[in-house]
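Residue numbers for the sequence shown follow the working numbering, so the first one is 7 and each next one is one higher.
Notes follow the structure.
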Amino acid sequence: MTSTSCYQCHAETEITIINFADGEADSLRLRLKDFPLRECPAGHRQFVRPDFAAELLYHLTEEDEPELPAGKEKGLILKKYLCQSCGEALEPKPDHRHTFSIEVRLEDLDPFGVDLSMPVYKCSACEKEQLHSLKEVRKLTPAAMAHAFEAANIPPPPGVL
Ligand SMILES: [Zn+2]
Ligand SMILES: [Zn+2]
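As structure tokens, this is what we get:
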């Protein structure tokens with residue numbers, strides 16, 4: 007058995023690109039686009055490599071999400087969100103949902119897309135639209151990503167629950 011053998015039937019797998027797979031967690035919708043995976047002749051699917059999910063999660067939460075416009079969270083119990091640019095309070099209600107498209111480049115793979123769709127809030131003073139906070143989107147990303155993997159029929163690698 008090599009690293010590219012199917013975990014379930016041990017046949018050789020090949021890289022396949024799927025059009026998209028969607029996952030949701032609370033207010034975050036995540037879509038994987040032109041997404042690479044491995045598939046065996048029997049149609050069993052797995053990640054392109056065992057640590058792929060961890061790599062992608064790290065890339066999204068550490069590199070891509072910090073680039074998104076997001077307010078600052080204040081207060082432990084009664085949370086307030088302050089504008090990233092001018093520090094005034096954000097409007098209490100979201101303005102609309104915005105989709106942020108990210109191109110992900112991971113070693114040895116063609117770039118693929120991840121869309122993150124979340125409500126955006128306008129600043130009450132300068133009107134800049136932004137997410138509530140980076141902390142919030144980071145917290146929701148693992149579950150939304152796991153649901154997208156489920157939608158793509160990729161089970162967790164053996165030994166991982
Ligand atoms: Zn198989
Ligand atoms: Zn502002």
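We treat Cβ as the ideally placed atom computed from N, Cα and C, and that holds for glycine.
Given the structure is predicted, the values throughout are model-derived calculations rather than measurements.
- Cβ contact annotation for VAL143 (same chain, cutoff 8 Å, sequence separation greater than five): LEU34, GLU71, LEU74, ALA76, LEU122, MET124 and LEU137, in chain order.
- Here LEU82 is exposed: its Cβ has fewer than 16 other Cβ atoms, across all protein chains shown, within 10 Å.
- Among the bridge pairs identified by DSSP, THR105 is matched with SER123.
- When distances are taken from the beta-carbon of ALA17 to the heavy atoms of ligand 1, the shortest one is below 7 Å.
- The C-beta of LEU84 has fewer than 16 other C-beta atoms within 10 Å across all chains shown, which makes the residue exposed.
- With 6 Å as the limit between CB and the heavy atoms of ligand 2, the residues that fall short of it are CYS89, SER91, CYS92, GLU94, CYS129, ALA131, CYS132 and LYS134.
- The C-beta of TYR64 has fewer than 16 other C-beta atoms within 10 Å across all chains shown, which makes the residue exposed.
- The stretch 101-109 and the stretch 11-19 do not touch, with fewer than three beta-carbon pairs separated by less than 8 Å.
- The C-beta distance from ALA31 to ALA149 rounds to 4 Å, short enough to meet the 8 Å contact threshold.
- ASP101 and LYS128 have their C-alpha atoms roughly 6 Å apart.
- For ALA48, the Cβ falls inside the 7 Å cut-off from some heavy atom of ligand 1.
- CYS92 and HIS50 do not touch by the CB rule: their CB atoms are close to 52 Å apart, not below 8 Å.
- In summary, SER130 is exposed, with fewer than 16 beta-carbon neighbours lying within 10 Å of its beta-carbon over all protein chains present.
- Placement of the Cβ of GLN136 at a distance of 7 Å or more from every heavy atom of ligand 1 is found.
- Ranked by Cα distance from LYS39, the options GLU133, SER9 and PRO117 are led by PRO117.
- Rounded to the nearest angstrom, the gap between the Cα atoms of GLU113 and CYS89 is 35 Å.
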